[in-house]
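**Q**
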Amino acid sequence: QTIFVLNGPNLNMLGKREPGIYGGKTLQDVEADCKAVGRELVFDIDFRQSNHEGTLVDWLHEANDKAVGVAINAGAYTHTSVALHDAIRAISIPVIELHISNVHAREEFRHKSMIAPAVKGVICGFGPYSYILALHALKNLTA
Ligand code: DQA
């Protein structure tokens, strides 16, 4: 069973990017942690990052054929993207929205998620551990 873990814009800068908010782990560190937990949960983790909205749309469509679920940190596209909302609605596997930071404790423009109405559930504010929580939630949904 495969899980797609999709990462949106600027997450390639994790570790260097605003470490006071996002912490010191790199995206490669997060990928390694997801793969370790994936082994425990008997999930194959397909971990990807793109700075391009359309690529994330393509990957959601691809996930529908190849995966049993998706964990997505859509970055700033969370707050703007009707296309991601529609792509999530277009597929039939469960999608979980996750964020490293507590978006509700930050600027007003981060309080609104365009994708939240289309996903199964939202996890935010636990640092990189938000990814691990999302994998456990997907295990529970797909078991
Ligand atoms: C983020 C929160 C978003 O508001 C922001 O644009 C990001 C990262 C997070 O993981 O906390 O790029 O999704």
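Numbering (full-length UniProt numbering), first residue to last: 3 to 145.
By construction, the Cβ of each residue, glycine as well, lies at the ideal position given by its N, Cα and C atoms.
Can you say whether residue 142 is buried or exposed, counting buried as having 16 or more other CB atoms within 10 angstroms of its CB?
**A** Exposed, because fewer than 16 other Cβ atoms sit within 10 Å of the Cβ of residue 142.
**Q** Pull every residue with its beta-carbon under 6 Å away from any heavy atom of the ligand DQA, and keep them in chain order.
**A** Taken from the N-terminal end onward, the list reads 12, 75, 77, 78, 80, 101, 102, 103, 105, 112.
**Q** Can at least three beta-carbon pairs, one atom from the stretch 122-140 and one from the stretch 20-39, be found at a separation below 8 Å?
**A** They touch, by the three-pair rule.
**Q** The alpha helix (DSSP H) with residue 30 in it runs from where to where?
**A** From DSSP, the alpha helix (DSSP H) with residue 30 extends over 29-43.
**Q** Between residue 74 and residue 100, is the Cβ-Cβ spacing less than 8 Å?
**A** Yes; because the gap between Cβ atoms is below 8 Å, this pair is in contact.
**Q** Can you check whether the CB of residue 91 is closer than 8 Å to the CB of residue 65?
**A** Cβ distance not < 8 Å, so residue 65 and residue 91 don't count as in contact.
**Q** Which residues in the same chain have their Cβ closer than 6 Å to the Cβ of residue 139, if we skip the five residues on either side of it in sequence?
**A** Same-chain partners within the cutoff: 98.
**Q** How close, in whole Å, do the beta carbons of residue 116 and residue 72 come, if the pair is a contact with beta carbons under 8 Å?
**A** Not quite, the Cβ-Cβ distance comes to about 16 Å (not below 8 Å), so this is no contact.
**Q** Extract the residue ranges of the beta strand (DSSP E) inside the stretch 70-140, only unbroken runs of 3 or more that lie entirely within it.
**A** You should have 71-75, 97-101, 123-126.
**Q** Compute the distance between the beta-carbons of residue 56 and residue 10, then report whether it is under 8 Å.
**A** Against a cut-off of 8 Å, the Cβ pair of residue 10 and residue 56 comes out as no contact.
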